[in-house]
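Accompanying notes for the structure given below.
Protein chains: 2
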Amino acid sequence: MANNRITIKDIAQKAGVSKGTVDRVLHNRGEVSKESRERIEAVLKEMNYEPNVYASALANNKEFLVIVVIPECVKGDYWSKIENGIIKFSQEMIHFNASVRIFHFDQIDPDSCRKVFDELKTETFDGIIFPPVFSNLSHEFAGYLTARNIPYIYIDSYIEDTNPLSYFGMDSYKSGWLAARLITISLKKDHEIAIFRYSEPEEEVINQIYKRCSGFRHFFEKNNLSPVIHDIIITGRDENADREIISSYLKKERNIRYGIMFNSRIHTIAAYLENSEFSNIRLAGFDVIDSNVHYLKNEMVGFLIAQRPFTQGYFALKVMADHLIFRKTAPLRNLIPIDIIIKENVDSYTSFNPLE
Amino acid sequence: MANNRITIKDIAQKAGVSKGTVDRVLHNRGEVSKESRERIEAVLKEMNYEPNVYASALANNKEFLVIVVIPECVKGDYWSKIENGIIKFSQEMIHFNASVRIFHFDQIDPDSCRKVFDELKTETFDGIIFPPVFSNLSHEFAGYLTARNIPYIYIDSYIEDTNPLSYFGMDSYKSGWLAARLITISLKKDHEIAIFRYSEPEEEVINQIYKRCSGFRHFFEKNNLSPVIHDIIITGRDENADREIISSYLKKERNIRYGIMFNSRIHTIAAYLENSEFSNIRLAGFDVIDSNVHYLKNEMVGFLIAQRPFTQGYFALKVMADHLIFRKTAPLRNLIPIDIIIKENVDSYTSFNPLE
DNA sequence: CTGTTAGCGCTTTCAT
DNA sequence: ATGAAAGCGCTAACAG
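So the sequence lines, in the order shown, correspond to chains A and B. First residue of the first sequence: 1, per my numbering; consecutive thereafter. First residue of the second sequence: 1001, per my numbering; consecutive thereafter.
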């Protein structure tokens, strides 16, 4: 039941050549006569040879450096969970002579991101993983990478007209649609909805938020529902100002019973409403980050839509390693499941991690 | 940034011994003087040595056989997804000289399970994975395994007073609780609920179903809700009889608006109700299996509670491999997230699999 | 073009 | 009790 594994030696014997020659055709690095190659290829196929990638990596003894560029993060937030997944997998790579270097930039400052990209243009590395937060910058950088033949993987979001090795992220449109569906379940006839948004969403990051929002609105249209939906524009920077904006708005619009935010910061809204006269407004948001979980548990937030950031980070790096070290391929687009998280299943969601 | 990896050779040099001696202390197989051992152990700790498990497995060249015992399954059902996860990981094991043999038994026939266990008692193997479906049988078999020092891992459910290496499954009580919570969201005052159950749930399998059911009922009690809950007992074997039982029951109880089943066969109920005068009854059930998904999409079923069977199978085998081949440990209890699946996120749920 | 050789990091005889 | 040596499956440099 076991030792029917075919090795390079078996192939060599059966083809009447040496292991060296077999290796040459396996990695077609030339210098093999046509006859030999054809004979070897035939045997390879016939015996259904599968290389032992571990032995291969061991012998290869080549060093790899994978770069990761993500926004600065604090413990427990979305990016830190992606980073944890990356760090976790990086530990499985060290025995293959592969290491990872992580760069951070300021999520709302394109310049800080450009700086990192510029610095990277002076360095050499074998692969890179990053979220295309600022689309213009990322598009340009992707072009550089393609020109240099450096494989890159997107996480979190995607930009068209580029050629990443792979992509891990959520279908933003569908996640917005799903959020609308969930709100609808308990939406009464005269209930109104508030969408909380930042003043001028930096044009560059608009993509993902925009898609979620349009999925959300389309759900109602397509289902012939037309709840009143308010857009409440806040600064996202000035707490006092925001508190004032929100409270004066809600004072005028007494039918608002649901509030949603399409980034991961619904907890800020929850903090404003908590202990206010509007604490009965039910909130919904994105991402199972610690601060959101707090308000999920005290029922300020009714549900969260989540996307397994740890899994994203872990598998993005795994795909890169498979490509670089093991020469394996992976599916181009990996759409993460859109998870529905409420008070009753959040613990099971956060506590499971067979990988850590 | 890279080649600071410490090898056994480095340790040997620094401790002034040979690689062989270092290896002896690493796997404490004796025959080392106390002085040498202490010196080596000091160096090991000082240099923070991490063995290269891949090189180790390669050199070890030992064969492993892992047994898997699961119920017979058909494509697309719960057990087949567990089996897929197992098969997937087994492919990563072949290069470590480890193979997997899968045995099947009839889920509702304890004798067929006993037969497999008995047969296994005459075979030799290095580890085994199975769901303790029949608790008495499993308990006894676990005792045998413990006595023989063969590591075993439970999937799907757990039995007390045994010593498995690890366990992957859902917190059944909480999943029932969650189901009750979800139904409550849209439960109107005079709505009643039907629990569909098999006549005499085989005493042996009662455990998981029982826990789900009590979680379900407790939710209402603890929240001071007291919807009328009906128990509708069907045979589970005789289609015509069941159809008749259900329809006559529902004819008498016109307030029943929700139906739930605590195993994975809510699709059978959906099939009975579809195109009947009771097609407005909303159903809920467990497990994202193909037939359930069908009724989720046509809205006969409102939601499913799911538990990532592929993940269970995959990681159960991974933990076994880590134990056997790499001598790594794993957490004992791994409670899988309790996923909420509705029409709007089911596709994202089933289509994601970076592992396959 | 091809075979031989040394070696990746580790394990396991086998002498000593 | 310990070191030397061979070998796991594969790669790559080097003769020829």
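Note that beta-carbon positions come from the ideal geometry of N, C-alpha and C, so glycine has one too.
Over the uninterrupted alpha helix (DSSP H) stretch that includes residue i, give me the two end residues.
i: A:L283; result: Element bounds for A:L283: not the alpha helix (DSSP H) but the beta strand (DSSP E), R282 to F286.
i: A:D23; result: K19 to L26
i: B:N1240; result: E1239 to K1252
i: B:R1037; result: K1034 to M1047
i: B:V1116; result: P1110 to L1120
i: A:E83; result: Y78 to M93
i: B:L1296; result: D1290 to K1297
i: B:P1309; result: P1309 to L1324
i: B:G1143; result: S1135 to R1148
i: A:V346; result: V346 to S351
i: A:A180; result: S172 to I185
Taking 8 angstroms as the threshold (beta carbon to beta carbon), is residue i in contact with chain A?
i: B:E1083; result: no
i: B:M1001; result: A caution first: B:M1001 carries a pLDDT of 35, below 50, which makes its placement in the model too unreliable to give a value.
i: B:G1016; result: no
i: B:A1284; result: no
i: B:Y1078; result: no
i: B:S1348; result: yes
i: B:L1225; result: no
i: B:L1317; result: no
i: B:S1090; result: no
i: B:I1008; result: no
i: B:S1186; result: yes
i: B:L1324; result: no
i: B:Y1198; result: no
Using a Cβ-Cβ cut-off of 8 angstroms, state whether residue i counts as contacting chain B.
i: A:R181; result: yes
i: A:N345; result: yes
i: A:N334; result: yes
i: A:I340; result: yes
i: A:I94; result: yes
i: A:R5; result: yes
i: A:I87; result: no
i: A:F352; result: yes
i: A:P309; result: no
i: A:P110; result: no
i: A:P71; result: no
i: A:L58; result: yes
For residue i, is the classification buried or exposed, using 16 other Cβ atoms within 10 angstroms of its Cβ as the cut-off for buried?
i: A:R327; result: exposed
i: B:T1329; result: exposed
i: B:A1002; result: For B:A1002, the pLDDT reaches just 41, beneath the cut-off of 50, and the residue's location in the model is therefore unreliable, leaving the point undetermined.
i: A:K252; result: exposed
i: B:T1124; result: exposed
i: B:E1344; result: buried
i: A:Q91; result: exposed
i: A:Y272; result: buried
i: A:K174; result: buried
i: A:T21; result: buried
i: A:Y167; result: buried
First and last residue of the beta strand (DSSP E) that includes residue i?
i: B:D1231; result: I1229 to I1234
i: A:H104; result: A98 to F105
i: A:Y152; result: Y152 to D156
i: A:N263; result: A:N263 -> no beta strand (DSSP E), and no H or E assigned at all.
i: B:L1335; result: R1333 to L1335
i: A:I67; result: F64 to P71
i: A:D161; result: It is not in any beta strand (DSSP E) - A:D161 carries neither H nor E in the DSSP assignment.
Short-range partners of chain A found in the stretch 1290-1303 of chain B, where Cβ spacing is below 7 angstroms:
From the stretch 1290-1303 of chain B, no residue has a Cβ closer than 7 angstroms to chain A.
Select from the stretch 145-179 of chain A all residues with a C-beta closer than 7 angstroms to any C-beta belonging to chain B, and list them in chain order.
Along the stretch 145-179 of chain A, the positions whose C-beta sits under 7 angstroms from a C-beta of chain B are D171, K174, W177 and L178, read in chain order.
Three or more beta-carbon pairs under 8 angstroms between the stretch 236-256 of chain A and the stretch 204-221 of chain A, yes or no?
Taking a cut-off of 8 angstroms for Cβ pairs, the stretch 236-256 of chain A and the stretch 204-221 of chain A do not touch, as fewer than three such pairs fall below it.
The stretch 45-56 of chain A: positions lying closer than 9 angstroms to chain B by Cβ
If the cut-off is 9 angstroms between Cβ atoms, the stretch 45-56 of chain A has E50, P51, N52, V53, Y54 and A55 near chain B.
Under 8 angstroms (Cβ pairs) to chain A, residues found in the stretch 1113-1136 of chain B:
Listed in sequence order: no entries.
For the pair the stretch 1265-1273 of chain B and the stretch 1129-1137 of chain B, tell me if three or more CB-CB distances fall below 8 angstroms.
Taking a contact to require three or more Cβ pairs closer than 8 angstroms, the stretch 1265-1273 of chain B and the stretch 1129-1137 of chain B do not qualify as touching.
Count the CB pairs spanning the stretch 148-163 of chain A and the stretch 179-187 of chain A that are closer than 8 angstroms, and state whether there are at least three.
No: fewer than three Cβ pairs fall under 8 angstroms.
Contact list for the stretch 1268-1284 of chain B against chain A, Cβ threshold 9 angstroms
Listed by position, the residues of the stretch 1268-1284 of chain B near chain A (Cβ gap below 9 angstroms) amount to none.
Sufficient close CB pairs (3 or more, under 8 angstroms) joining the stretch 1045-1064 of chain B to the stretch 1277-1294 of chain B:
At 8 angstroms Cβ cutoff, the stretches do not touch.
Anything in the stretch 26-47 of chain A with a Cβ closer than 9 angstroms to a Cβ of chain B? List those residues in chain order, please.
For the stretch 26-47 of chain A, the set of positions with a beta-carbon nearer than 9 angstroms to some beta-carbon of chain B is empty.
Does the stretch 1278-1286 of chain B come within contact of the stretch 1312-1323 of chain B, defined as at least 3 CB pairs closer than 8 angstroms?
The stretch 1278-1286 of chain B is not in contact with the stretch 1312-1323 of chain B.
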